[in-house]
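There are 4 protein chains.
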Amino acid sequence: MLFDSPSSFGRTFRILTFGESHGAAVGLVMDGVKPDLPFDLEAIQQEMDRRRPGQSDLVTPRNEGDKLQVLSGVYEGRTTGHPIAMVVFNTNQKSGDYQAISELFRPGHADLTYDRKYGIRDPRGGGRSSGRETLARVAAGAWAKQQLASLGVTVRGFNREIAGIEGKALDWSFVERNPLRVADPGVFESQKAAVEAARAEGDSVGGVCEVWIEGLPVGLGDPAFGKLDGLLALACMSIGAVKGVELGAGFASARRRGSENNDPLGPAGPEKNDAGGTLGGISTGAPVVVRLAVKPTSSITKAQRTIDREGRPSEISTHGRHDPCIAPRVVPVAEAMCALVIYDAWLTQQELREGVVPSVSEWNWEAIEALFPPGPAL
Amino acid sequence: MLFDSPSSFGRTFRILTFGESHGAAVGLVMDGVKPDLPFDLEAIQQEMDRRRPGQSDLVTPRNEGDKLQVLSGVYEGRTTGHPIAMVVFNTNQKSGDYQAISELFRPGHADLTYDRKYGIRDPRGGGRSSGRETLARVAAGAWAKQQLASLGVTVRGFNREIAGIEGKALDWSFVERNPLRVADPGVFESQKAAVEAARAEGDSVGGVCEVWIEGLPVGLGDPAFGKLDGLLALACMSIGAVKGVELGAGFASARRRGSENNDPLGPAGPEKNDAGGTLGGISTGAPVVVRLAVKPTSSITKAQRTIDREGRPSEISTHGRHDPCIAPRVVPVAEAMCALVIYDAWLTQQELREGVVPSVSEWNWEAIEALFPPGPAL
Amino acid sequence: MLFDSPSSFGRTFRILTFGESHGAAVGLVMDGVKPDLPFDLEAIQQEMDRRRPGQSDLVTPRNEGDKLQVLSGVYEGRTTGHPIAMVVFNTNQKSGDYQAISELFRPGHADLTYDRKYGIRDPRGGGRSSGRETLARVAAGAWAKQQLASLGVTVRGFNREIAGIEGKALDWSFVERNPLRVADPGVFESQKAAVEAARAEGDSVGGVCEVWIEGLPVGLGDPAFGKLDGLLALACMSIGAVKGVELGAGFASARRRGSENNDPLGPAGPEKNDAGGTLGGISTGAPVVVRLAVKPTSSITKAQRTIDREGRPSEISTHGRHDPCIAPRVVPVAEAMCALVIYDAWLTQQELREGVVPSVSEWNWEAIEALFPPGPAL
Amino acid sequence: MLFDSPSSFGRTFRILTFGESHGAAVGLVMDGVKPDLPFDLEAIQQEMDRRRPGQSDLVTPRNEGDKLQVLSGVYEGRTTGHPIAMVVFNTNQKSGDYQAISELFRPGHADLTYDRKYGIRDPRGGGRSSGRETLARVAAGAWAKQQLASLGVTVRGFNREIAGIEGKALDWSFVERNPLRVADPGVFESQKAAVEAARAEGDSVGGVCEVWIEGLPVGLGDPAFGKLDGLLALACMSIGAVKGVELGAGFASARRRGSENNDPLGPAGPEKNDAGGTLGGISTGAPVVVRLAVKPTSSITKAQRTIDREGRPSEISTHGRHDPCIAPRVVPVAEAMCALVIYDAWLTQQELREGVVPSVSEWNWEAIEALFPPGPAL
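As structure tokens, this is what we get:
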């Protein structure tokens, strides 16, 4: 795990992202792309639309076009094996919205730290620290998800909790049909009410996002610093609003006995999945289940105490267009980050074993399906 | 974040670890070491002794020597600026203890996944997946802690929880004086009793480890994939027994309103520290507080269902010398990993700003001490 | 020297290039840029214009606009410390010129190897293997040269030889005033005649490019695989037309006695510079002198034997717009690559020594000027 | 090409070297090693013995044991897929030989530059800058050569020139049977006489080493900064005594017409090999031919002008045990470095093409043998 650039991610499949919220463009370069694969820009655009704001009245009313353009690496609809650069030119920039706060540090935002770290700061919408940077992650993640799908691996997420209200049922068919991307129709209304109440008071709420990676072979991930657990944690904790990550039983396992926490092994695979799909940081074939703690949106209209660039006490109320709950838009970003980790691990394993990835069919998948039915992981 | 090798960690200050539990040696190479610094091997050895088993009857009775030897990069007691290779030759290897299980996969261990991933496995004590690999982390972390201390930064940890029993008080002076490395003398006895009860039943318990990094300047860490949050998560989740990581309020923040969760900013710095010392992934000057979910030791003498290498059902009871609770030994490893991240971030920031790191004195530290007294972070 | 991506270059200051000759754009991302520095796009554009074809009748008559656009990392004319993405959108693409040869492999070109390596190839002007990729190198090199200039380091080149005719004098003032970028007015006419004769016969000629890096402190470069010699060799040999690289006396030193080849050391520095400015791969303070063997342009109108994609014998005569001698346009590219290596080495040394680079004034520069006057290095 | 550590080399197959000439040990860690391969330590030791001094009276009479020990990554004679650490403990260290010169900078050595760069220097035999560092390269290269041999690729070298005397014939069977590793029996005696004459005068001579890589498939190497030409140049120029590198016709091509220099393509492959086995930096299937300019040994007993650490003029005569011509011992090091580049390129190509490397049999190898018989490349 040598960290070359904070803007790059991956090993065998690599990305480098660039761009500021209100600069000319946000974009990325994908490198390590295999040659002669079909490149479906439309499918990538669809993933980006899932992240886009303005999808409902529960998220910010901005409606950025976010149309992705390909600058290189694709010839007549197929990858050439060379770097694929993609950009979204920024439009609909209301910098004016942000002028007022260029001298004040918004609590919960990177304004203060960027200002002190760099000695210069692009105050327009947070510049590089803006959530718009995740555009590039979703574009790359969409490519990774497409490749994984062709390998039989699915990566999908939902919000397990909104405003502290936890869903128990896991109805995947409901997730993309509700604006909060929750999976339990039974609690959706109360979750929705909590978000609306917060917005009415100029406040915000958080949530817990859960990502399931299914159809994995045994053997993805590496020892030491290359454990899937660690890479997924880096991937998810690098999303702005995320303050905690856990795999499988996560923090709950810290309160258990070993005899209760260990997953017994059977001929069909692990007999339960409290480990969350990894042992020693390497995939077991069971679903990898990751949970992310998403903090409430930092930008609220309620007045908050803060300081200006000279350190003088002040008060701030961030108007402009903000989500009362960012968790719904975190879901596609979390899926993208997990997909980047898993696809990279797949390619890295190919490299390790002469292109041989342990067969998915090595497990009895029907039995595994029975062991891990669509439903709460724990 | 380009992942070159799963056995390497860091960017400006880098390590590469090697070695198996029962091979010839466990070791590491530290690279990116500044020249002409005093090299205190004894101080490093002391940190390694903190990790060593056999320190009490609550941890494994093994008493490995774990004497560190320096092979390169030091001349007459000072660093030369060249790679420093260090090794611990393995002694006291009771491979016999493990022969019995070479054909069985231990639940909760990497036996199964290594076997399938590599097609070959060193069954002696888990080989590369053994906790002994953390020896190398602690050695490098000790060096990082020494350098950070000279910069006014301290990295220290304790167990907030053992067996689900949470300590409220934070008495640093107590931590290294009790075998569980807990910080609340008031609940130590009950925590100790829970560990002993588990051991008596051939079982194990987990815990929650908490690391405090204090004395940081503003501005350490990077945007996007280089956030301190993400790097600390990778660092901690790459420790074998860790299944969850959170910063500051962590998962609790997901259940709050933004107005409650945001840390107001005052002339002395953040007025509380629910963010855990970072904003936008960059240090705020407040203590960075990380919590790790440590699962109960997987090796238990209680019988468990498992399979052999041919997938046939079997039963296993792992004897040998194991900790009923690994959390006390995770503390120095967690400190080491956090120190590697922070020291690397410091050097990386030096590189970014012409060797100028934002001054610690930029905040009113007396005021910050008042804001963040020794005590629970939250 | 871990090679992450063939399209990336550098360590502390890094670039990633992308784009094909006739795709949408050619561009790059510069990462590791220090914050709050003035960003002079015009100065960068000027360097790019030096590389541009169509500057005289001795180079290709194409006149690409090659206007550089900045997509990120610059705010109000200053760097923000975040990745700077820059692109040149391709215009004036006469793909038709190349249709004829899409099925034939041009001798001396990468057509054959790309086709076999990737199983797919963008035949339009060589795609990724086109000299147009060097656009991105020159843009990044221009930034590096600007930064080095502010540190007192100059990087400049010329052609020592054209068509086997060697110049003895080194008149820097003449270099940019003649289309061949040669430095000896005395032989320019004969060199020019040789190029024109080759062109008249539908043929091409080569040359030897020489780059001087002056004003260096002692101590840039690293041991082992990080020697300046090695990095400069990689940098220069990665330019398409270059088939040989030497430092200082280079191949001539292989035919000497040690007593003749060693540079005696005096109080003012090395008393001569046959080493070419490095000892043990680290700068001595004397000028670093690099020579590149530039092969004759592979694209010639003369008929040549070749094969088609099915391996059938054929004949090819590459029409279209080509330089009878590419060496003049290699000069700015070679300067750029050397500047990237040296600037990166400077930043890396800052990182090693707490931001302290050994002072240039440590040598008696007047004496060194006397030792190494403007003139042949050897 | 992101340069993480000057002591590391490679991408898919990586090494990290450490150790000083007179420290405790010289060693390396090999990472990215495939699992479950037979590990033949004896074969590696044999390669190291080729590099060892004391093989004849034409090289230094030192006879270091240089016995390689394996510390990790091998279990019961097979690789485990984990890092393989190997060390040679230094013996027979006559530090006394060097005490005298610890205050003087040896011309042609790194003493001056290390001293200024690091502010501290291990004066014993050059420390990290010593040729002993190449021990580690040869060990890793031996492994790479073994793997390449199993793929049908051979890497072998010889000295084309000694003391300016060039051999024309290429008799591979003669190379390892003469102490100069030259390939032309007809000029061996005169080359030998030149070396002996230099030694008799306390002087030294240089040479030109040539490495042939045969049996390559088409398609190894990458575009842009990943060209085989560039990587081989970095690999060879990172060897201490090397001051120039060329591929194929190299510098000679700079003096030719394009029609003469281009290699026509025929059904059996390139009809000649002036390109030296690459087009666009990627292998053509023809032998890759690299030439290295090896300077005369810097350590000579003849008195030379130099300065001490305070910059005062002095005189030095380096006694101790030195080779009058280092070129014979450079041959195995050059082979090792080329093998590292080629093996890494092979693995990297496997990663790019789903484990499919273009078949060697794609060319008519009998025809290629006929085109490139054992003999001078040019």
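Chains as they are written, first to last, in UniProt numbering: chain A, 1 to 378; chain B, 1 to 378; chain C, 1 to 378; chain D, 1 to 378.
Don't be surprised by glycine CBs; every beta carbon is placed ideally from N, CA and C.
Given the structure is predicted, the values throughout are model-derived calculations rather than measurements.
Threonine 79 of chain D is a Cβ neighbour of isoleucine 120 of chain B, given a cutoff of 9 Å. Serine 102 of chain A and arginine 309 of chain A have their C-alpha atoms spaced approximately 9 Å apart. Rounded to whole angstroms, the Cβ separation of leucine 180 of chain D and proline 328 of chain D is 5 Å, and the two are in contact under 8 Å. Contact annotation: in the region 224-242 of chain A, residues whose CB is within less than 8 Å of a CB in chain B are Ala224, Phe225, Gly226, Lys227, Asp229, Gly230, Leu231, Leu232, Ala233, Leu234, Ala235, Cys236, Met237, Ser238, Gly240 and Val242.
Minimum Cα-Cα distance from serine 72 of chain C among the listed residues C:Gly277, C:Pro35 and C:Gly219 corresponds to C:Pro35. The residues Ser298, in chain order, have a CB closer than 7 Å to that of glycine 108 of chain A in the same chain once the five nearest residues on each side in sequence are set aside. When the Cα atoms are used, alanine 169 of chain D and alanine 183 of chain D turn out to be separated by approximately 6 Å.
Ranked by how close their Cα comes to the Cα of alanine 241 of chain C, the residues C:Ser129, C:Phe18 and C:Val341 have C:Ser129 in first place. In this structure, the straight-line span from the alpha carbon of glutamate 210 of chain B to that of valine 333 of chain A is close to 28 Å.
Cα atoms of asparagine 273 of chain A and glutamate 161 of chain A: separation of roughly 20 Å, rounded to the nearest angstrom. When C-beta distances to chain A are compared with 7 Å, the residues of the region 76-95 of chain C below that value are Arg78, Thr80, Gly81, His82, Pro83, Ala85 and Val87, in chain order. By the Cβ neighbour-count rule, alanine 139 of chain A is buried, with 16 or more other Cβ atoms within 10 Å of its own. With a cutoff of 9 Å on beta-carbon distance, glycine 77 of chain C and leucine 352 of chain B are scored as not near each other. By the Cβ test, the region 235-255 of chain D is in contact with the region 276-296 of chain C, since at least three Cβ pairs between them sit closer than 8 Å.
Between leucine 216 of chain A and proline 287 of chain A, the CB-CB gap stays under 9 Å. Per DSSP, the continuous beta strand (DSSP E) segment holding lysine 243 of chain B begins and ends at 242-247. The Cβ of alanine 345 of chain C sits no closer than 9 Å to any Cβ of chain A.
Out of A:Arg50, A:Pro270, A:Gly280 and A:Phe18, the CA that lies nearest to the CA of alanine 224 of chain A is found in A:Gly280. Among the residues of chain C, those whose CB is under 7 Å from the CB of arginine 14 of chain A are Asp4 and Ser5, following chain order. Where phenylalanine 188 of chain D is concerned, the enclosing alpha helix (DSSP H) starts and stops at 185-200. By DSSP's assignment, isoleucine 15 of chain C forms a beta bridge with C:Phe9 and C:Met30. Residue pairing from DSSP places threonine 278 of chain A in a beta bridge opposite A:Ser283. Under the Cβ distance rule, proline 38 of chain C does not count among the residues neighbouring chain B, no pair being separated by less than 9 Å. In the three-state DSSP reduction, glutamate 271 of chain A falls in the coil class, being neither helix nor strand.
Annotation: the continuous beta strand (DSSP E) that includes valine 88 of chain D extends over 84-89.
For serine 238 of chain D, no alpha helix (DSSP H) encloses it, and the DSSP letter there is neither H nor E.
At a beta-carbon threshold of 8 Å, none of the residues of chain A lie near serine 102 of chain C; the nearest stands roughly 11 Å away. Within the model, the alpha-carbon separation for valine 33 of chain B versus alanine 85 of chain B is close to 11 Å.
Per DSSP, the beta-bridge partners of alanine 25 of chain D are D:Phe89. Non-local C-beta neighbours of aspartate 66 of chain B in its own chain, meaning closer than 7 Å and more than five positions away in sequence, comprise Met48, Arg52, Val88 and Leu135, ordered along the chain. Sorting C:Lys145, C:Glu42 and C:Leu265 by C-alpha distance to the C-alpha of aspartate 111 of chain D places C:Leu265 at the top. Out of B:Gly164, B:Ala163, B:Val155 and B:Ile165, the CA that lies nearest to the CA of tryptophan 172 of chain B is found in B:Val155. Chain order gives the chain C residues near glutamate 351 of chain B as Thr12, Leu347, Gln350 and Glu351, where near means a beta carbon separation below 7 Å. Among the CB atoms of chain D, one or more fall inside 9 Å of the CB of lysine 34 of chain A. Residue range 327-352 is occupied by the alpha helix (DSSP H) that includes cysteine 338 of chain D. Remark: C-beta atoms of isoleucine 342 of chain A and leucine 234 of chain A do not approach each other more closely than 9 Å.
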